[in-house]
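Here's the structure, in structure tokens; my notes come after.
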Amino acid sequence: MKHLLSINDLGADGINEVCRLADLFTEVSQRPIPKVPALRGKTVAMLFYEDSTRTRLSFEVAARRLSADVMGFSVSSSSVNKGESVRDTVNTISAMGPDALVVRHRSAGVPHQVTGWTSAGVINAGDGWHEHPTQALLDCYTIRDRLGSVAGRRIVILGDIKHSRVARSCVMAFTSLGAKVTLVAPPTLLPPAVDSWPVDVSFSLDAVLSDCDVVYGLRVQHERQAEALLPSLREYTAQWGLTVDRAARLPVGALVMHPGPVNRGVEIAPEVLDQPNATLNEQVRHGVAVRMAVLYLLLAADPDLHPEGEAS
Amino acid sequence: MSTVIKGGLVIDQTGERTADVVVDDGRIVAVGTDLSGDEILDASGCVVAPGFVDLHAHLRQPGAEEAETIETGSWAAIRGGFSAVVAMPNTNPPIDCAAVVQEVLALGAKAPCDVYTSGAITVERKGAQLAPMAEMAELGVRLFTDDGNGVQEAGLMRRAMEYAAGLGVILAQHCEVDSLAAGGHMHEGEWSSRLGIPGVPAEAEELMVMRDIALSRFTGAPVHFQHLSTRGSIAMVRAARQAGVAVTAEAATHHFTLTDEDCASYDPVFKVNPPLRPADDRDAVREGLADGAVDAIATDHAPHTMDAKERPFDQAPPGMLGLETALALALTELNLPVAEVVGLLSWRPAAIAGLKGVHGGPIVPDAPANLCVFDPQETWTVDPHDTASRSRNNPYAERTVRGRVRHTIVGGQTVLVDQVMRP
Numbered sequence: 000m001k002h003l004l005s006i007n008d009l010g011a012d013g014i015n016e017v018c019r020l021a022d023l024f025t026e027v028s029q030r031p032i033p034k035v036p037a038l039r040g041k042t043v044a045m046l047f048y049e050d051s052t053r054t055r056l057s058f059e060v061a062a063r064r065l066s067a068d069v070m071g072f073s074v075s076s077s078s079v080n081k082g083e084s085v086r087d088t089v090n091t092i093s094a095m096g097p098d099a100l101v102v103r104h105r106s107a108g109v110p111h112q113v114t115g116w117t118s119a120g121v122i123n124a125g126d127g128w129h130e131h132p133t134q135a136l137l138d139c140y141t142i143r144d145r146l147g148s149v150a151g152r153r154i155v156i157l158g159d160i161k162h163s164r165v166a167r168s169c170v171m172a173f174t175s176l177g178a179k180v181t182l183v184a185p186p187t188l189l190p191p192a193v194d195s196w197p198v199d200v201s202f203s204l205d206a207v208l209s210d211c212d213v214v215y216g217l218r219v220q221h222e223r224q225a226e227a228l229l230p231s232l233r234e235y236t237a238q239w240g241l242t243v244d245r246a247a248r249l250p251v252g253a254l255v256m257h258p259g260p261v262n263r264g265v266e267i268a269p270e271v272l273d274q275p276n277a278t279l280n281e282q283v284r285h286g287v288a289v290r291m292a293v294l295y296l297l298l299a300a301d302p303d304l305h306p307e308g309e310a311s
Numbered sequence: 000m001s002t003v004i005k006g007g008l009v010i011d012q013t014g015e016r017t018a019d020v021v022v023d024d025g026r027i028v029a030v031g032t033d034l035s036g037d038e039i040l041d042a043s044g045c046v047v048a049p050g051f052v053d054l055h056a057h058l059r060q061p062g063a064e065e066a067e068t069i070e071t072g073s074w075a076a077i078r079g080g081f082s083a084v085v086a087m088p089n090t091n092p093p094i095d096c097a098a099v100v101q102e103v104l105a106l107g108a109k110a111p112c113d114v115y116t117s118g119a120i121t122v123e124r125k126g127a128q129l130a131p132m133a134e135m136a137e138l139g140v141r142l143f144t145d146d147g148n149g150v151q152e153a154g155l156m157r158r159a160m161e162y163a164a165g166l167g168v169i170l171a172q173h174c175e176v177d178s179l180a181a182g183g184h185m186h187e188g189e190w191s192s193r194l195g196i197p198g199v200p201a202e203a204e205e206l207m208v209m210r211d212i213a214l215s216r217f218t219g220a221p222v223h224f225q226h227l228s229t230r231g232s233i234a235m236v237r238a239a240r241q242a243g244v245a246v247t248a249e250a251a252t253h254h255f256t257l258t259d260e261d262c263a264s265y266d267p268v269f270k271v272n273p274p275l276r277p278a279d280d281r282d283a284v285r286e287g288l289a290d291g292a293v294d295a296i297a298t299d300h301a302p303h304t305m306d307a308k309e310r311p312f313d314q315a316p317p318g319m320l321g322l323e324t325a326l327a328l329a330l331t332e333l334n335l336p337v338a339e340v341v342g343l344l345s346w347r348p349a350a351i352a353g354l355k356g357v358h359g360g361p362i363v364p365d366a367p368a369n370l371c372v373f374d375p376q377e378t379w380t381v382d383p384h385d386t387a388s389r390s391r392n393n394p395y396a397e398r399t400v401r402g403r404v405r406h407t408i409v410g411g412q413t414v415l416v417d418q419v420m421r422p
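Chains A and B, in that order, give the protein sequences. Here the first sequence is numbered in numbering that gives the first Met the number 0, starting from 0 and rising by one per residue. Here the second sequence is numbered in numbering that gives the first Met the number 0, starting from 0 and rising by one per residue.
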């Protein structure tokens with residue numbers, strides 16, 4: 000595998016392979032000196048055109064724990080502000096010889112375009128509303144860690160699905176591993192042609208709450224009010240917010256997940272975030288091991304996704 | 000000096016016959032057998048047709064000469080067999096008054112094909128105030144459009160139609176309701192949903208088609224619908240025509256060739272407005288061209304620089320090249336008799352543009368010599384770099400197509416010989 004642009008590039012076997020490697024790298028992360036020489040001599044460049052804290056730091060830590068060198072690139076201090084095109088920036092950074100580019104951009108498809116302008120591997124760290132594959136991978140890893148497997152789990156994805164790259168990647172990842180996914184949102188926050196997605200849809204959180212293994216909340220932004228997609232955030236929270244009352248009706252052991260950052264009190268009540276079944280910090284922790292696994296798969300010599308004789 | 004086109008199958012709206020055609024001093028002087036002339040153009044195995052007429056070309060001048068000029072766009076037209084093009088008014092400054100019309104016509108007079116221009120319906124194409132259509136009509140403008148924008152205000156569109164009818168000119172509408180289309184960059188549907196690209200629903204086009212059919216029925220003024228792209232639009236136009244409403248329509252080559260699935264590459268070369276639609280809409284465009292609901296093939300030739308088309312999909316401008324590939328795509332994709340394809344490209348658009356008798360045939364003695372000779376069987380592979388256009392935003396790269404223009408004659412001048420331009 001040369002690039003990771005979409006969860007589709009991995010498929011179920013690829014996701015399982017990432018999780019298997021992430022187990023190894025979790026062990027590495029727990030050592031007194033959490034570092035291995037697997038990618039010594041390799042260089043990973045960060046191309047973040049959009050603000051990001053956790054994803055960017057997570058990739059940087061992951062690369063360093065594999066002994067790769069990291070090249071930073073921050074839009075505010077770069078020539079992008081002087082009007083340089085993405086292609087010119089990619090050409091410039093590529094001329095310095097990185098082995099992988101980690102790309103975040105506000106427009107869908109930019110990582111795809113970048114593959115045409117560099118010989119380095121490209122990892123999609125979030126593109127517009129399209130995909131955020133490493134987020135979905137760390138979520139699969141977290142569910143697998145807590146519940147034993149993703150297959151057969153009933154997962155509710157709740158909130159602004161339409162504008163969410165996390166939702167697109169998670170739906171693909173969860174369903175390809177055999178989970179049953181239900182999207183819950185007001186119709187205005189569902190994507191068009193949602194009947195073509197491999198999911199069930201409900202407009203009522205209350206209707207699905209007592210019958211699920213995971214509630215995966217998504218951020219709901221204030222702008223959605225101005226766009227007439229929501230009457231008000233107050234109404235959203237009343238109908239679709241994961242309040243303390245609703246969280247109490249979840250089956251015992253059901254997980255509360257969220258990719259962050261959280262709009263506390265809008266999509267999830269602050270008290271719910273502090274409950275032991277909320278996995279937000281675990282997701283972040285697993286993110287490092289999962290991104291180590293992804294970097295290793297892309298950059299280590301001969302990373303065969305399907306080793307002979309090994310069942311997935 | 001006379002030119003004889005030897006041994007071709009002559010096709011015009013009166014029918015087909017194998018004949019030689021002699022051209023002299025700007026006119027066709029003889030059509031028959033065993034004719035001779037000073038220069039001989041071989042047409043054996045080829046069709047001799049009226050020069051094509053494009054109702055919809057963006058020549059980008061004045062204002063965006065880095066993407067195209069009237070001269071380079073005209074050469075692209077010549078290579079596509081077009082003897083006449085109608086320039087769109089979304090230039091900078093826009094073609095919305097006599098002064099800009101005169102500039103475009105002056106540049107067009109030096110171009111190898113006949114360049115006609117449209118004029119804007121409203122000042123600066125902003126949809127607020129009527130443009131001075133009468134002063135533009137006096138300079139020969141026959142077609143008015145705010146192309147790139149639809150006229151959003153129904154009341155203003157009604158007045159524009161009434162005013163235009165009095166001048167004997169036609170209004171051409173880019174049908175798109177802004178409040179439904181705003182922020183969209185491809186067709187809203189399964190593919191936009193999967194790709195995470197904001198969509199434009201088919202209804203953004205269809206609502207304006209519906210409105211303007213009603214306004215045309217109400218005012219009695221003719222309306223021409225530009226680049227129709229949805230099954231619903233074409234069905235409404237078909238029904239309106241049957242009911243005797245004075246509407247006409249064009250379809251762009253890409254709308255009967257490509258689909259929204261092509262956007263999955265995230266290559267902005269596939270971004271166009273109206274957007275590429277699903278296969279069912281593409282098929283409806285083909286059906287409309289076959290049964291007469293749609294009058295004409297237009298190119299919507301829309302050059303953009305490489306830089307502009309390398310932006311992220313949602314930041315790149317819409318539009319794709321079309322003049323040099325229109326005939327081949329029509330012959331390859333439409334599965335229509337050659338004579339019908341010729342009609343869709345020549346006499347039918349000529350009638351809408353008010354060019355009857357000058358362009359679009361018939362091929363008879365004393366008619367103006369605007370002709371195109373093409374081989375309907377030759378297959379070739381599209382190469383974006385092999386172009387007369389200044390731009391390269393050709394979505395058909397590597398596609399193998401059938402049908403190739405060999406010679407083009409405009410006003411009696413042979414400007415293309417065996418695909419080679421003759422300045």
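For glycine and all other residues, C-beta sits at the position ideal for the given N, C-alpha and C.
Residue from the options whose Cα sits closest to the Cα of residue i
i, options, result
"A:I142", "A:V255, A:V271, A:G259, A:V261", "A:V255"
"A:P275", "A:A253, A:S57, A:G264, A:S209", "A:A253"
"B:V400", "B:P422, B:I351, B:K308, B:T324", "B:T324"
"B:G183", "B:V3, B:N334, B:P317, B:K355", "B:P317"
"B:V409", "B:N334, B:P49, B:R193, B:A283", "B:P49"
"A:Y235", "A:A247, A:Q220, A:S66, A:V170", "A:Q220"
"B:D177", "B:V199, B:K355, B:L330, B:R210", "B:V199"
"B:G165", "B:H173, B:R141, B:E187, B:V99", "B:R141"
Range covered by the beta strand (DSSP E) that runs through residue i
i, result
"B:P49", "46-49"
"B:Q376", "370-380"
"A:A44", "42-47"
"A:N123", "120-126"
"B:M87", "Here B:M87 belongs to no beta strand (DSSP E), and DSSP marks it neither H nor E."
Same chain, Cβ closer than 8 Å to residue i, five either side skipped, listed in chain order
i, result
"B:E65", "T304, R389"
"B:M420", "W74, I77, R78, P111, A387, V414"
"A:A310", "The pLDDT assigned to A:A310 is 38, lower than 50, so where the model puts this residue is not dependable; a value taken from the coordinates is nonetheless given after this. Nothing listed; no residue qualifies."
"A:L217", "I156, L157, G158, D159, I160, S163, V165, A166, H257, P258, E266"
Within chain A, the residues that residue i reaches when beta carbons sit closer than 8 Å
i, result
"B:S192", "P190, P191, A192, V193, S195, W196"
"B:G198", "P191"
9 Å Cβ cut-off: residues of chain A touching residue i
i, result
"B:D306", "S84, R86"
Residue i: contacting residues in chain B (beta-carbon distance under 7 Å)
i, result
"A:H104", "P311"
"A:R167", "G195"
Host alpha helix (DSSP H) of residue i (start-end)
i, result
"B:G195", "Premise fails: B:G195 is in no alpha helix (DSSP H) and is neither H nor E."
"B:E175", "Premise fails: B:E175 is in no alpha helix (DSSP H) and is neither H nor E."
"B:G6", "No alpha helix (DSSP H) holds B:G6; the beta strand (DSSP E) holding it covers 1-11."
"A:K179", "Not the alpha helix (DSSP H): A:K179 falls in the beta strand (DSSP E), residues 179-183."
"A:L294", "279-298"
"A:L56", "53-64"
7 Å Cβ shell around residue i - same chain, five flanking residues per side excluded
i, result
"B:T256", "L328, E332"
"A:L204", "L157, V183, W239, R245"
"B:G126", "D145, N148, V150, Q151, E152, L155"
"A:K34", "R64, S66"
"A:P302", "With a pLDDT of only 49 at A:P302, under the threshold of 50, the placement of this residue in the model should not be trusted; the figure read from the coordinates follows. Once the five neighbours on either side are set aside, the close Cβ partners of A:P302 are Y295, L296."
Residues that residue i contacts on chain A, provided the C-beta gap is smaller than 7 Å
i, result
"B:E187", "P191"
Beta-carbon proximity list for residue i, same chain, < 6 Å, skipping 5 on both sides
i, result
"A:K1", "G120"
"A:S57", "G286, V287, R290"
"B:M0", "D37"
"A:L232", "V265"
"A:Y140", "C18, A21, H285, V289"
"B:S43", "G6"
Closer than 9 Å at the beta carbon, the chain B residues around residue i
i, result
"A:R164", "G195"
"A:V109", "Y265, P311, F312"
Any non-hydrogen atom of the ligand MN within 6 Å of residue i CB
i, result
"A:S93", "Because no ligand of any kind appears in the structure shown, any question about the ligand MN cannot be addressed here."
Chain E contact for residue i (CB, 7 Å cutoff)
i, result
"A:G286", "Protein chains in the displayed structure are A and B, and chain E is not among them."
Check each residue of the segment 117-135 of chain A: if its Cβ is closer than 9 Å to any Cβ of chain B, include it; give the result in chain order.
-> Against chain B - using a Cβ distance shorter than 9 Å - the residues of the segment 117-135 of chain A are D126, G127, W128, H129, E130.
Got a sec: which bits of the segment 312-324 of chain B sit with their beta carbon under 7 Å from any beta carbon on chain A, in order along the chain?
-> Within the segment 312-324 of chain B, the qualifying residues are F312, D313, Q314.
Between the segment 260-279 of chain B and chain A, which residues of the former have CB atoms less than 8 Å from a CB of the latter, in chain order?
-> Cβ contacts with chain A: S264, Y265, D266.
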